[in-house]
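Visitor: To convert, note that position 98 of the sequence shown is 89 in my numbering; the numbers rise steadily by one, no gaps.
Just so you know, even glycine gets a beta-carbon here, dropped at the ideal spot from N, CA and C.
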Amino acid sequence: MIQKYPSTLLENAVSELSALPGVGRKTALRLALYLLKRDVDYAEKLSLAIHDLRTQVRYCEVCHNISDKAVCSICLNPARDHRLVCVVESIREVMAIENTGQFHGLYHVLGGVISPIDGIGPNDLEIDSLVNRVASGEIAEVILALSTTMEGDTTNYFIYKKLSAYPVKVSVIARGISIGDEIEYADEVTLGRSILNRTDFKDSLRF
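Right, dumping it as structure tokens:
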């Protein structure tokens, strides 16, 4: 194998950095050279932060959001509305919705959406745990806040059918989010209004 750089250590660093999503080898080289210019203390802190992220961050036992403890700070917050649960695809959507400052309930992170083409079925998602939360009788409304894609709509409908046996209101965010848009990329004003102006899920069905 031909070595592209004057240092095997630099080559190894570039190879690892370029494995990150959205980071090509040129960007990885620029980052590696930047790290070489910084103090060793900075590199050690960065290394420790990454190690702690991977080994110590947990998933909330209730909503599956990331957490430093068994139950996340949102679920433990007594000021939140614990009878209102917003269902999202991933942790990124939790952050996006929190940034709007418009939602004060709890969350439920599915970990994806139903996508047969990608081999992702209902059993691969945190749907059963959502049903169990609703079955406890402590939840009055479930807001479906999945991306307005075919996969998102399919997942919405599947959840709606699963929850239809329980006395819980199921709503969906307003279509201020354009069809095909990803929730995490929506601007905060639009996303906030979509949550506030949510509608009953039954009204969103097309027959």
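Is the distance from the Cβ of valine 76 to the Cβ of glutamate 132 below 9 angstroms?
Guide: Locating residue 76 in the sequence shown gives position 85, counting from the first residue. Locating residue 132 in the sequence shown gives position 141, counting from the first residue. In contact: valine 76 and glutamate 132 (Cβ atoms closer than 9 angstroms).
Visitor: By a C-beta neighbour count over all protein chains shown, 10 Å radius and 16 as the cutoff for buried, is leucine 44 buried or exposed?
Guide: As a working note, residue 44 is residue 53 in the sequence shown. That one is exposed.
Visitor: Buried or exposed for histidine 99, please, with buried defined as at least 16 other CB atoms from any protein chain shown within 10 angstroms of its CB.
Guide: Here residue 99 is taken as the residue at index 108 of the sequence shown, counted from 1. Under this definition histidine 99 is a buried residue.
Visitor: Using the Cα positions of cysteine 66 and histidine 55, report the straight-line distance between them to the nearest angstrom.
Guide: Taking the sequence shown and counting its residues from 1, the one referred to as residue 66 is at position 75. Taking the sequence shown and counting its residues from 1, the one referred to as residue 55 is at position 64. Computed Cα separation, rounded: 10 angstroms.
Visitor: What number of angstroms, rounded off, separates the C-alpha of glutamate 7 from the C-alpha of lysine 36?
Guide: Looking up residue 7 in the sequence shown gives position 16. Looking up residue 36 in the sequence shown gives position 45. Cα to Cα, the separation comes out at about 18 angstroms.
Visitor: Taking the DSSP output, what are the residues bridged to serine 127?
Guide: The residue given as residue 127 occupies position 136 in the sequence shown. Its beta-bridge partners do not exist; DSSP assigns none.
Visitor: Where do the ends of the beta strand (DSSP E) carrying aspartate 109 lie?
Guide: For the purposes of this step, residue 109 is taken as the residue at position 118 of the sequence shown. From DSSP, aspartate 109 is part of no beta strand (DSSP E); its letter is neither H nor E.
Visitor: Which residue wins for smallest C-alpha separation from serine 155, given the options Asp191, Ile82, Ser138 and Thr139?
Guide: If you number the sequence shown from 1, residue 155 lands on position 164. The shortest C-alpha separation from serine 155 is found at Asp191.
Visitor: Please state the DSSP three-state secondary structure of lysine 60.
Guide: Along the sequence shown, read from residue 1 onward, the residue named residue 60 stands at position 69. Of the three classes helix, strand and coil, the one that applies to lysine 60 here is coil, per DSSP.
Visitor: For a test of the three-state rule: what should DSSP assign to cysteine 54, helix, strand or coil?
Guide: The residue you call residue 54 lines up with position 63 of the sequence shown. The answer is coil: DSSP assigns cysteine 54 none of H, G, I, E or B.
Visitor: The alpha helix (DSSP H) spanning arginine 21 covers which residue range?
Guide: Locating residue 21 in the sequence shown gives position 30, counting from the first residue. 16 to 28 is the span of the alpha helix (DSSP H), which, as asked, contains arginine 21.
Visitor: Return the residue from the list Glu89, Arg71, Ser138 and Gly92 that minimises the CA-CA distance to glycine 102.
Guide: Position 111 of the sequence shown, counted from the start, is the residue given in the question as residue 102. Selected option, being the one with the closest Cα: Ser138.
Visitor: In three-state DSSP terms, what is isoleucine 118?
Guide: Residue numbering aside, residue 118 sits at position 127 when the sequence shown is read from its first letter. Three-state DSSP puts isoleucine 118 in a helix.
Visitor: Could you tell me which residues DSSP puts in a beta bridge with valine 159?
Guide: Position 168 of the sequence shown holds residue 159. Its beta-bridge partners do not exist; DSSP assigns none.
Visitor: Just how far apart, CA to CA, sit glutamate 129 and lysine 17?
Guide: Working through the sequence shown from its first residue, we reach residue 129 at position 138. Working through the sequence shown from its first residue, we reach residue 17 at position 26. Cα to Cα, glutamate 129 sits roughly 52 angstroms from lysine 17.
Visitor: So what does DSSP say about valine 104, is it helix, strand or coil?
Guide: Here residue 104 is taken as the residue at index 113 of the sequence shown, counted from 1. Correct three-state label for valine 104: coil.
Visitor: Relative to the C-alpha of threonine 146, which candidate in Gly96, Val79, Met86 and Gln93 has its C-alpha closest?
Guide: In the sequence shown, counting from the first residue as 1, residue 146 sits at position 155. Among Gly96, Val79, Met86 and Gln93, the Cα nearest to that of threonine 146 is on Val79.
Visitor: Please go through the same chain and pick out, in chain order, the residues whose beta-carbon is closer than 7 angstroms to the beta-carbon of alanine 4, but skip the five residues on each side of it.
Guide: The sequence position of residue 4 within the sequence shown is 13, counting from 1. Cβ within range, chain order: Ala23.
Visitor: Do isoleucine 105 and leucine 116 have their C-beta atoms within less than 9 angstroms of each other?
Guide: Within the sequence shown, residue 105 is the residue found at index 114, counting from 1. Within the sequence shown, residue 116 is the residue found at index 125, counting from 1. Yes, the Cβ-Cβ distance between isoleucine 105 and leucine 116 is below 9 angstroms.
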